[in-house]
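First residue of the sequence shown? That's 0 in numbering that gives the first Met the number 0, and the numbers climb one at a time after it.
Below is one structure, written out as structure tokens; comments come after it.
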Amino acid sequence: MSEIKNKLLKNLKHRRKWAKKNQFEAYRLYDKEIPQYPYLIDIYKDKVIIFDRRIDKIDEAKPELYDEMITAICEIFEMKSDDIIIKKRIIQTKEDKYEKFDSTNNRFEVKEKDAVVLVNLIDYIDTGLFLDHRPMRLKLNATSKDKSLLNLFCYTSVVSVQAALGGAITTNVDMSKTYIQWSQDNFEANDIPLKDHEFINADVFKFMNEYKEKKFDIIFLDPPTFSNSKRMSNTLDILRDHGFLIERCMKLLNEDGILYFSNNKRGFRLDPKVSELFDVKDISFNTIPEDFKDKKIHVCFEIKKK
Numbered sequence: 000m001s002e003i004k005n006k007l008l009k010n011l012k013h014r015r016k017w018a019k020k021n022q023f024e025a026y027r028l029y030d031k032e033i034p035q036y037p038y039l040i041d042i043y044k045d046k047v048i049i050f051d052r053r054i055d056k057i058d059e060a061k062p063e064l065y066d067e068m069i070t071a072i073c074e075i076f077e078m079k080s081d082d083i084i085i086k087k088r089i090i091q092t093k094e095d096k097y098e099k100f101d102s103t104n105n106r107f108e109v110k111e112k113d114a115v116v117l118v119n120l121i122d123y124i125d126t127g128l129f130l131d132h133r134p135m136r137l138k139l140n141a142t143s144k145d146k147s148l149l150n151l152f153c154y155t156s157v158v159s160v161q162a163a164l165g166g167a168i169t170t171n172v173d174m175s176k177t178y179i180q181w182s183q184d185n186f187e188a189n190d191i192p193l194k195d196h197e198f199i200n201a202d203v204f205k206f207m208n209e210y211k212e213k214k215f216d217i218i219f220l221d222p223p224t225f226s227n228s229k230r231m232s233n234t235l236d237i238l239r240d241h242g243f244l245i246e247r248c249m250k251l252l253n254e255d256g257i258l259y260f261s262n263n264k265r266g267f268r269l270d271p272k273v274s275e276l277f278d279v280k281d282i283s284f285n286t287i288p289e290d291f292k293d294k295k296i297h298v299c300f301e302i303k304k305k
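This is how it looks when you write it as structure tokens:
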């Protein structure tokens, strides 16, 4: 038996049981745990998706290892190689994290505890569900009863779905019409009345500067690392702009409210000024799920007013 097949079988035995116990239909099976197999493998119900993290001219010179992994997956899951979904590395220096491949509709439902999530494994780089934020979503589900939640750069609003199922009233902001519609579809899939929640298609910078209607008990801020979208009034660089974004968020927060600020920038360091102005707690470790071996997949901070 090949090394990669042995590893996948070992992971699957534990992960499948763990996912069933916790009512997760989407989880990470393999997280680049063997250096010569630099892949991420996620399971969505009976679908297998591989994120190819090979480095050109180094790893791609070893096609036999790639073929070995594909063969192992086909044997373990009793599927054809054509049925495996493979996504290549995309260098995102000047793109949103939600970059599209095309526009066909290939959605299906997966469960996360009591929530139904619409995912699409084919048409986008990302699937509609960030698996690494699962602990944060469940935390908000458990702590948001009768609270107001503002979700900025909301993507498909799965965070808000979990919060709403826990009793929160949510406001969701994204500059993409596609993702605002997807957000509403996620709410409807869970029988959550849209009339009780807000879905705002807007540039987040502009929204934060102009919104005066109310303040919030909880704000979830998870921006892309970089964006120069023409739909935004400014470019976004998370290292440069996170201090500004946090200060704007704190103005929209109730006195005893909480801002959860997360991002996926490798080597990210919080601007010291933020800690001078506000009470900051690094909760990154507690927000990384068990199925992720990469404990630096994101950082997350809990920020309160002093």
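Ideal Cβ placement from N, Cα and C applies to all residues, glycine included.
These numbers were taken from a predicted model, which means no experiment stands behind them.
DSSP, read as helix, strand or coil, puts D236 in strand. Distances from the alpha-carbon of E197 to those of E209, F204, D173 and T177 put D173 closest. Counting along the chain, K211 sits inside no beta strand (DSSP E), nor does DSSP assign it H or E at all.
For the pair of segments examined, the stretch 283 to 296 was found to touch the stretch 27 to 36: the number of CB pairs separated by less than 8 Å reaches three. When the Cα atoms are used, G165 and S182 turn out to be separated by approximately 17 Å.
By the C-beta density criterion, I85 is exposed, having fewer than 16 other C-beta atoms within 10 angstroms. A straight line joining the alpha-carbon of D145 with that of L128 spans about 25 Å. Taking the CA atoms as reference points, E74 sits about 40 Å from S226. The C-alpha of K138 lies about 21 Å from the C-alpha of E254. If you check the CB distance, L7 and A71 come in under 8 Å. Runs of the beta strand (DSSP E) spanning 3 or more residues and lying entirely within the stretch 104 to 137 occur at 106 to 111 and 114 to 119, in chain order. For K112 and I83, the gap between their C-alpha atoms comes out near 25 Å.
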